[in-house]
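Protein sequences appear in the order of chains A and B.
To convert, take the position in the first sequence, counting from 1, and add 19; that gives the working numbering.
To convert, take the position in the second sequence, counting from 1, and add 115; that gives the working numbering.
Even for Gly, the Cβ is constructed at its ideal location relative to N, Cα and C.
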Amino acid sequence: MSQASPAPKKEREKSPLWDAIREHIRTCMQCGTCTGSCGSSAAMDFTPRQLWRMVQLDLQDEIFTSRTFSLCSSCYYCTLRCPRGLPLTETIHTLKRLAAARGFTGKEKGTRFYRSFLKTARRYGRIREMELMTRYFLAMKDPILPFGFTPLGVKLLRKGKISPQIPRLSGPGKLDAIFRKVEELEAGS
Amino acid sequence: MRYLYYPGCSLEGTAVEYDVSTQAVMTALGVELQEIEDWTCCGASAAESVSDLLSRALPARNLALAEQMNPGGDIVIPCSACYLNLRRVEVQIREDEALLGKLNAALGEEGLSYHGGTRSRHLLDVLAKDIGAKGIQDRARRSLEGLRVAPYYGCQCLRPYGGYDDPQQPSSMEPLIEATGAEVHPWTMGAKCCGAGLMTTKKEVAVELTGAILRAARGADCILTVCPMCQMNLDSYQGVASKAQGDDLTISVLYLPQFLGLALGLSGRDLGMGSNMALTPALRTRLDV
């Protein structure tokens, strides 16, 4: 009688965002049209159809450690063709937000690129491509990474399409007020 | 005809020739473009992956400025990602009053407010529907007969919004191309994705998508695009894609207004042709640019 019971299965994380994702996918009937429409599916560890089944089955750990949703290029082909009319591309974006919020993809290239992008937008109001890439390289802390972009950078510099800019890392930003208010509103909701 | 104009960040940098040629062509067609004063970034595809509300607030700021300048006016947007972002806010606030309230709370920090009085339109929509083949034909000064052109639409000018063309088998560029005297390259890649931002973060995947498009365009003298991201992937990564496929995939890639501008008698200089990353010497000679 005093035999120790097995450790309880890890409690699934609950969150309104995750609930919203599951609600969106509830009526998926696993036809696979999304996978057939996806240009990136061949490079994914789980195809889009498998991803949606995993959502239905609440397999959060498997989903957030897979590379499936980070390979979405937002082409909206699956959304257009889904016979159930499910908002698949938007749900992928929600998955990206949730993954970033839970720290699953903190070292992930996509997340760091998005954050570098928004920092540049917040500071200047508009994107300055050279600065965006500088911020991205700094965030990735990978000394080899910039060399992959050197041939393109040289071509763009030669065409006068970009100019070297040193990122200004402190001081007020053009869109500070809106960014701050949005953070406040999102924290309150 | 008069429109508000939202160029977006790329058109100030890597897509400067898209801005130059859009403005030159509109002027040649007698259309006035009024740039939205103090416009800022739409958030591109980055904001949506970080904050839902921010991805609506950044475009809303520009819509509010546009509404202030010309209530009820049409906004012309050449970049497909910008178009999608601005258009989405217009569509969503019609169904979601709470969202509009939140957006106005954020915009209020800058003394701005938005009431839904704008209509965002992609440049392709305006060229195809408002100008049309006849508008080009009437003002054409030069025939581009003998050229074979592959119209590439990409994704976000068609999906999930659009409405002016078929989102899977688009054809709105074809009458415009034919109006210049050129011939349309028949292919099925017009609405397939180029990989977009994956070129920065998952290069090997994007290079494959881009390579398939470049290969299918073989036989055409050039590809036409209507998006800075598509243009960048198709023109700047030809070397990488050729290497990956073990085949020479070199081809000229122009923005649609650059091509139409040539038919309207504008010079290569007027159309920013010096900034193109992929313009073969053969096509340069043929077009005299």
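task: Could you please give the first and the last residue of the uninterrupted alpha helix (DSSP H) stretch that includes Pro-174(B)?
output: 167 to 184
- request: Can you grab the Cα-Cα spacing for the pair Thr-395(B) / Ser-367(B), in whole Å?
  value: 6 Å
- prompt: Where does the unbroken beta strand (DSSP E) through Pro-102(A) begin, and where does it stop?
  reply: Run containing Pro-102(A): none; DSSP gives neither H nor E here.
query: Would DSSP call Val-299(B) helix, strand or coil?
result: strand
query: Between the region 181 to 191 of chain B and the region 156 to 167 of chain B, are three or more C-beta pairs nearer than 8 Å?
result: no
- prompt: Pro-162(A): buried (16+ other C-beta within 10 angstroms of its C-beta) or exposed?
  reply: exposed
task: Rounded to whole angstroms, what's the CA-CA distance from Ala-393(B) to Ala-206(A)? Just pull it up for me.
output: 47 Å
Contact set between Leu-175(A) and chain B, taken where Cβ atoms lie within less than 7 Å: Thr-129
message: Quick check on DSSP: helix, strand or coil for Gln-283(B)?
response: coil
- prompt: Straight-line CA distance for Ile-146(A) to Phe-156(A)?
  reply: 16 Å
Below-7 Å beta-carbon distance, Ile-82(A) vs any chain B residue: no
query: Under 7 Å Cβ-Cβ, which residues of chain B neighbour Cys-53(A)?
result: Those within 7 Å of Cys-53(A) in chain B number zero; the least Cβ separation is about 13 Å.
query: What's the C-alpha gap between Pro-410(B) and Asp-77(A)?
result: Residue 410(B) falls outside the range modelled here, since chain B spans only 116 to 404, and no answer is possible.
- prompt: Which of the three DSSP states, helix, strand or coil, is assigned to Tyr-268(B)?
  reply: coil
message: Taking 7 Å as the threshold (beta carbon to beta carbon), is Val-299(B) in contact with chain A?
response: no
- prompt: chain B partners of Glu-205(A), CB-CB under 7 Å?
  reply: Ser-166, Leu-168
- request: Report the option in Gly-167(A), Phe-88(A), Leu-105(A) whose CA atom is closest to the CA atom of Ile-111(A).
  value: Phe-88(A)
query: Any idea what DSSP makes of Ala-130(B), helix, strand or coil?
result: coil
query: So with Cβ pairs under 7 Å, would you call Phe-166(A) a contact of chain B?
result: no
message: Just to confirm the assignment, what range does the beta strand (DSSP E) spanning Ile-190(B) have?
response: 189 to 192
query: Under 8 Å Cβ-Cβ, which residues of chain B neighbour Ile-44(A)?
result: In chain order: nothing, as chain B lies at least about 17 Å away.
- request: Tell whether a beta-carbon distance below 7 Å holds between Ser-93(A) and Ser-160(B).
  value: yes
message: Between which residues of its own chain and Leu-230(A) is the CB-CB distance below 7 Å, once the five residues before and five after are set aside?
response: Here chain A covers residues 20 to 208 and nothing more, so residue 230(A) does not appear.
Cβ-based burial, Ala-120(A) [other Cβ within 10 Å; buried from 16]: exposed
message: Cβ closer than 8 Å: which chain A residues qualify as neighbours of Ser-195(B)?
response: Correct list: empty, because the minimum Cβ distance to chain A is about 10 Å.
task: Go through its chain and collect everything with a Cβ distance to Gln-138(B)'s Cβ below 7 Å, but skip five positions before and after it.
output: Leu-148
query: Interface residues of chain B around Lys-180(A) at Cβ under 7 Å?
result: Gly-128, Thr-129, Val-131, Ser-390
- prompt: Name the chain B residues whose beta carbon is nearer than 9 Å to that of Phe-119(A)?
  reply: The question names Phe, but residue 119(A) in the sequence shown is Ala. By Cβ distance, chain B contributes Ser-164, Val-165.
task: Check His-43(A) in the structure and name its three-state DSSP category.
output: helix
field: Beta-ladder partner(s) of Cys-337(B), from DSSP
entry: Val-264(B), Ser-367(B)
query: Counting contacts by CB-CB distance shorter than 7 Å, is Cys-94(A) in contact with chain B?
result: yes
query: Taking Gly-389(B) as the reference, which of Leu-214(B), Tyr-118(B), Ala-130(B) has the closest Cα?
result: Ala-130(B)
- request: Return the CA-CA distance between Lys-29(A) and Glu-81(A), expressed in angstroms with no decimal places.
  value: At Lys-29(A), the pLDDT of 47 sits below 50, so the modelled position is not reliable and the matter cannot be decided from this model.
- prompt: Among residues of its own chain, excluding the 5 on either side of Leu-204(A), which ones have a beta-carbon nearer than 7 Å to its beta-carbon?
  reply: none
- prompt: Per DSSP, Gln-373(B) is paired with what?
  reply: Looking at the DSSP assignment, Gln-373(B) forms no beta bridge with any residue, so it has no partner.
message: Could you check whether Pro-290(B) and Tyr-268(B) sit closer than 7 Å to each other, using their CB atoms as the reference points?
response: no
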